[in-house]
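Chains as they are written, first to last, in our numbering: chain A, 1 to 341; chain B, 1001 to 1075; chain C, 2001 to 2168; chain D, 3001 to 3521.
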């Protein structure tokens, strides 16, 4: 083949590559409506301001704590890196990745995820991992979370996974080709509906009360990572105790003993309902499984007091630059809360 | 050679085998005939034509068949 | 005439081949599965929920729905509360005709299994009635029958919960 | 490890780079290493079986070769001392001894295949009488049917003197385990393939490009056409739908098997061409054949020739068959007499072909039905000649040719559906339902219930159209040969091909990437 032909071929290959890159952007799910949870992981990178508190966990964090309230009442800056059914190793790798960007004073981890020893559904894996920016941490996270049927390449090149979406393309896919709109308030996914909780039902009987060993391994890794960086790790359990997401006493014993052995602070908010002031007829949007915005605010203001008194987190409201940034966040938060979405 | 002609005649009386040199191509000899031919030749000339010798070029004409027989006989 | 013979011969061979085939797929003889009897209604895990709920409508069972974290994941679990026990089902959406009973769980000792075991009985009493368990640990005794399983939850030797589970 | 899996592509590219880095003499080590790595990935526990077959055929071949050489040498030494009769007698004795060694080797080689593949089937038959029998589920090593047939063919070639036994065990191991053809053939002959591994060849750009084009074309056939159609076929089989659905299944399964098998073979030959090694063609535009006999000369050619050379001919000229031929010609008259031995040989060959495809009655019946079609059409030959004489113009016209091709295509599709239902009585009931249950409207209306959206059906139709036009255009010379002469255009086609495969292929989580149908045999 002569030189001219080589150049022509290289150009063609280049065009092919660009087209595939464009197709990948187009076919990736955008998560701008419907399952908005899919866009949460990627949103963290666009929030440049530092955060004193980092929340990690599943819907028991990103629907139970509201960062704007923490700022408004206590001047504490925070961010929630939560995703649906986030597993313990997801939380660990998100923590490791966050530490590349900033070093928070405290990390709050919700212990409900300790019950899952293996991935329950491929969709949850995709949602937490696809949003992460490319890095060695992401490669290790993929390797640790992949289920049997998933392929490593389909995470490096999402086109291999979403190629069949060409049949279900919507207008949003074109509109959000190169950017995304924020769907949360520093990680808090607002739920404004109210569906009162009428029944108090126990969970289904446990076949094996022991929490999976792999979860404790990753919890240990999180603990040692926090100790190395001088970060205060706080374990929490959201106040919700719905039969579908039931918190068994056996699990509580194991977490309390773990926290005791490693002198970690552990707050189980289930018995503290009255002190927090929760009212199950107004503070839940799905009959008691999760808190809605009013419930979350009550819990946040209660937890904010603990953060201030127990862990001495500073009040940054005096800092002009931070207040400007947070002023904007709070107004957006109030706007969505009062009806405009 | 005479015995060979007799055998061929017994299969297809109406064909003049002396003149023909493309028995397979013309479709005169099909696989049925070849198998019968081999049985007759084996008993008549006391040779045994192995399966790998069943090739078009060996059976295309009477002379080709005869060459095959002599080749097997002296080997 | 000759060709007729050959056609028959070939048809015969083909027939022999057909006749010789056709295996019988063994029907799985489900050993007699356990079921729960309440107020004259027999409730089996794995069955359709609609007829059972209809029969028990007199007790006006209240229900609670567990939606999944993701709106994309299809299907939801539902719990119906009845006197002394509850039924957990799975359905694709509200009013789904083939909503299926996944679990029957005893809430207190006001109900008992057909064989007479209620919450509070001793593990030994269970073994006396049901014999050796298919799966026995410090925390549970499980008896598997066909596509269902009867499970007794144990705490220091006495039964703390009883549930019928489907294995499909 | 499937051809369309990332690990395979990595193994292939690594092997290619290494292959062309090493000097010519050393290159075949790369192929051997890649082959055994590929086999290891399929399952380490299978390794012992391919090593066993390799060892058996290597040792037996050497024995045969040494015996034959010794015999020739001895006869050569005292050529004049012995008379023709003595020489002939000694040669016959030597051949009988070698035949016994050959049979020993064949029994060991085929024995392993039979044990692994057919025990469950045989025992299930026995179980009818002995219900308490427990059937062990033996694991079927990857491509065992292919490499066993290939090495047994080699053994017979050595016995016949058509091939020289390979002395170097590693070189022979490469012939048996050459990775592209492990999954689904083609069944190569020792004479055609073995020497190519060790020839000194430079990098041939045109061959490489043609190989690349053929590989991408194979992936297109497999992932866009076959795997998409397979989804609907699986739905049709699971729901056992009757009437017009069976016709749909026949058409779809023809597309599946064409895309999957010829596509897989295109990938195999294409990859081999990347290494500069030519494999035998396994297909020659099979769906344009006008009769069942012609179809089986164009479809799965290497299997057909294997059974013809090593089963049909030896069977029809072996001593007992010759005695039968004499007896039948004496007692039943010349016409019937000359048919009996050949028909029996044909039936036995087709029975074995069916059995080779799988351990199940549906495969055996599939083989016998094919045999029935061939014999019946052979019997009706005079009728066909009379028809040709009566209407010469019509019988040689194109329309008649097309009608024959369509008829053969449908007939083969019908018989092939035995593969799908895998239960013979059920298959016959469904075939019957085609003529009794006319639900064409319902079928056409509920296409989307078969797991394919209208868009998928569109992709499938477009894919089949592309295959059809490519086949028509490639009548005289395959497209890829022409393309390989024009690199830039080829590069455009390759890039487009890869894009179409990545976008419209049926692979990944949503679909269980159908492993190659012939890969399970």
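The beta-carbon is built from N, C-alpha and C at its ideal position, and this holds for glycine as well.
In the three-state reduction of the DSSP assignment, residue 2140/C falls in the strand class.
Around the C-beta of residue 3402/D, fewer than 16 other C-beta atoms lie within 10 Å, and the residue is accordingly described as exposed.
In this structure, 2163/C is the residue among 2047/C, 2033/C, 2163/C, 2150/C with its C-alpha nearest to the C-alpha of residue 2104/C.
When only Cα atoms are considered, residue 2165/C and residue 2139/C end up about 16 Å apart.
Counting only runs of at least 4 residues, the stretch 3161–3186 of chain D fully encloses the following alpha helix (DSSP H) elements, listed from N- to C-terminal order: 3169–3177.
The continuous stretches of beta strand (DSSP E) do not include residue 3291/D, and DSSP gives it neither H nor E. If you check each beta-carbon in the stretch 285–307 of chain A against every beta-carbon of chain C, the ones closer than 7 Å belong to 286, 287, 289. Shortest Cα-Cα distance from residue 43/A to any of 20/A, 13/A, 98/A, 27/A involves 98/A.
At least one C-beta of chain A is nearer than 7 Å to the C-beta of residue 2103/C. Contact between the stretch 3218–3238 of chain D and the stretch 3183–3196 of chain D is not established, with fewer than three Cβ pairs separated by less than 8 Å. Annotation: Cβ neighbours of residue 12/A in chain D (cutoff 7 Å, chain order): 3491, 3492, 3495.
Between the C-alpha atoms of residue 3212/D and residue 3498/D there is a straight-line separation of about 11 Å. Sixteen is the threshold: since fewer than 16 other Cβ atoms of the shown chains lie within 10 Å of the Cβ of residue 327/A, the residue is exposed. Residues of chain A whose Cβ lies closer than 7 Å to the Cβ of residue 2153/C are, in chain order, 205. Identification of chain D residues near residue 167/A by a Cβ-Cβ cut-off of 8 Å yields 3453, 3455, 3456, ordered along the chain. Annotation note: the stretch 3308–3389 of chain D contains no uninterrupted beta strand (DSSP E) run of length 3 or greater.
Two segments are said to touch when three or more pairs of C-beta atoms, one from each, lie closer than 8 Å; by this definition the stretch 3251–3263 of chain D touches the stretch 3204–3221 of chain D.
For residue 3286/D, no Cβ of chain B is located within less than 7 Å of the residue's own Cβ. With distances taken between CA atoms, residue 3052/D lies nearest to 3148/D out of 3148/D, 3125/D, 3043/D. Residues 3011, 3015, 3179 of the same chain have their beta carbon placed closer than 7 Å to that of residue 3034/D, with the five preceding and five following residues left out of the count. With contact defined as three or more Cβ pairs closer than 8 Å, the stretch 3334–3345 of chain D and the stretch 3391–3401 of chain D are not in contact. Rounded to the nearest whole angstrom, the CA to CA distance from residue 3472/D to residue 3295/D is 17 Å. By the neighbour-count definition (other C-beta atoms within 10 Å, threshold 16), residue 213/A is an exposed residue. Three or more Cβ pairs closer than 8 Å define a contact, and the stretch 3042–3062 of chain D meets that threshold against the stretch 3101–3118 of chain D. Taking every protein chain shown into account, the CB of residue 51/A has 16 or more other CB atoms within 10 angstroms, so this residue is buried. Among the CB atoms of chain D, none fall inside 7 Å of the CB of residue 277/A. Proximity of chain B to residue 3316/D at the Cβ level (cut-off 9 Å) is accounted for by 1031, 1034, 1035, 1038, 1051, 1054, in chain order.
Comparing C-alpha distances from residue 3028/D to each of 3143/D, 3119/D, 3276/D, 3083/D shows the shortest one belongs to 3276/D.
Separation of the CB atoms of residue 3290/D and residue 3404/D is rounded to 4 Å, and the pair is thereby assigned contact status at 8 Å.
Apart from the 5 residues on each side of it in sequence, residue 3427/D sits with its Cβ closer than 6 Å to the Cβ of 3418, 3421 in its chain, given in chain order. Sorting 3116/D, 3095/D, 3092/D, 3494/D by C-alpha distance to the C-alpha of residue 3048/D places 3116/D at the top. DSSP lists 2086/C, 2163/C as the bridge partner or partners of residue 2105/C. At a cut-off of 4 residues, the continuous stretches assigned as alpha helix (DSSP H) that sit fully inside the stretch 3076–3137 of chain D are 3084–3127. By the Cβ rule, the stretch 3245–3261 of chain D does not count as touching the stretch 3159–3168 of chain D, because fewer than three pairs are nearer than 8 Å. Straight-line measurement puts the Cα of residue 3144/D at about 38 Å from the Cα of residue 1060/B. Listed in chain order, the positions of the stretch 139–169 of chain A with a beta carbon within less than 8 Å of a beta carbon of chain D are 149, 150, 151, 152, 153, 154, 159, 160, 161, 163, 164, 166, 167.
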